Amino acid sequence: MLIAQQKYEENIAEYILYMYQIEDVIRAYNFDLDLLVEQFIKPQVKDESTLIEYRKWYRKLINDMKDQRIEKTGHLLDLNETLIELSYLHNALLGQANDTSYIQMNEKAQSFINEFKDKSNLKEKNDVELIFGAMYMKLLLRLQKKNISSETETAFEAMRAVLAYLAKSYHKMKKGDLDFLKN
Numbered sequence: 398m399l400i401a402q403q404k405y406e407e408n409i410a411e412y413i414l415y416m417y418q419i420e421d422v423i424r425a426y427n428f429d430l431d432l433l434v435e436q437f438i439k440p441q442v443k444d445e446s447t448l449i450e451y452r453k454w455y456r457k458l459i460n461d462m463k464d465q466r467i468e469k470t471g472h473l474l475d476l477n478e479t480l481i482e483l484s485y486l487h488n489a490l491l492g493q494a495n496d497t498s499y500i501q502m503n504e505k506a507q508s509f510i511n512e513f514k515d516k517s518n519l520k521e522k523n524d525v526e527l528i529f530g531a532m533y534m535k536l537l538l539r540l541q542k543k544n545i546s547s548e549t550e551t552a553f554e555a556m557r558a559v560l561a562y563l564a565k566s567y568h569k570m571k572k573g574d575l576d577f578l579k580n
């Protein structure tokens, strides 16, 4: 909860990836709040008042996931709305803003994005969602301590650069500091 808020304010891409992980943790504990608190949260949080806040936050997430019927797969509606905003921004940076830096990064990553799309079960997703899918896959591979080939690392790095630029632009946009006409 505290981590999520900080990530949301500082780096929207890290926030989304963090929340994907939280959704999976909730699923791994079969939506059992007591078990999740006892085995996952308590070992990390020693302060009782913070523990109470985390319990409330996880309870809300569990209820939202159940209400939105994403117990098996899928993401919370607010995450999907943020992904839509990021997708619009992505298209704006490539189109009307004609942001040459972003266009070059995107061109460098496009073959990797297409390859990931072909190999994944995310074929109906747009490029931004595909990049998030790839970055989440990288996170899971790292957590499982699996080796990542240098070729795959190169692909991840190209997509990460696009995502980092997009996240920075998103925060500028939200603050009103992004001028689409100034390129």
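My numbering runs 397 ahead of the 1-based position in the sequence shown.
Ideal placement from N, C-alpha and C gives every residue a C-beta, glycine not left out.
All figures in this text were calculated on a predicted structure; none of them were measured in a lab.
DSSP-derived helix/strand/coil call for residue i
i: residue 466; result: coil
i: residue 529; result: helix
i: residue 426; result: coil
i: residue 521; result: coil
i: residue 572; result: helix
Backbone CA spacing between residue i and residue j [nearest angstrom]
i: residue 432; j: residue 478; result: 30 Å
i: residue 535; j: residue 493; result: 32 Å
i: residue 506; j: residue 497; result: 14 Å
i: residue 424; j: residue 407; result: 26 Å
i: residue 446; j: residue 453; result: 11 Å
i: residue 574; j: residue 483; result: 16 Å
i: residue 521; j: residue 481; result: 14 Å
i: residue 571; j: residue 405; result: 12 Å
i: residue 529; j: residue 449; result: 31 Å
i: residue 403; j: residue 413; result: 12 Å
i: residue 441; j: residue 469; result: 26 Å
i: residue 542; j: residue 444; result: 30 Å
i: residue 508; j: residue 462; result: 34 Å
Nearest candidate by alpha-carbon position, reference residue i, set the options
i: residue 488; options: 403, 550, 566 and 444; result: 566
i: residue 411; options: 568, 523, 440 and 457; result: 568
i: residue 540; options: 422, 405 and 404; result: 422
i: residue 533; options: 562, 472 and 573; result: 472
i: residue 582; options: 542, 543, 549 and 562; result: Not covered by the structure: residue 582. The range shown for the chain is 398 to 580.
i: residue 460; options: 543, 561, 429 and 529; result: 429
i: residue 426; options: 402, 443, 449 and 456; result: 456
Beta carbon of residue i nearer than 8 Å to that of residue j
i: residue 526; j: residue 519; result: yes
i: residue 400; j: residue 415; result: yes
i: residue 491; j: residue 499; result: yes
i: residue 409; j: residue 564; result: yes
i: residue 584; j: residue 537; result: Only positions 398 to 580 of the chain appear in this structure, which leaves residue 584 out of reach.
i: residue 438; j: residue 451; result: yes
Assumed close pair residue i, residue j - CB separation to whole angstroms, cut-off 8 Å
i: residue 458; j: residue 419; result: 7 Å
i: residue 465; j: residue 476; result: 10 Å between Cβ atoms; not a contact.
i: residue 556; j: residue 531; result: 5 Å
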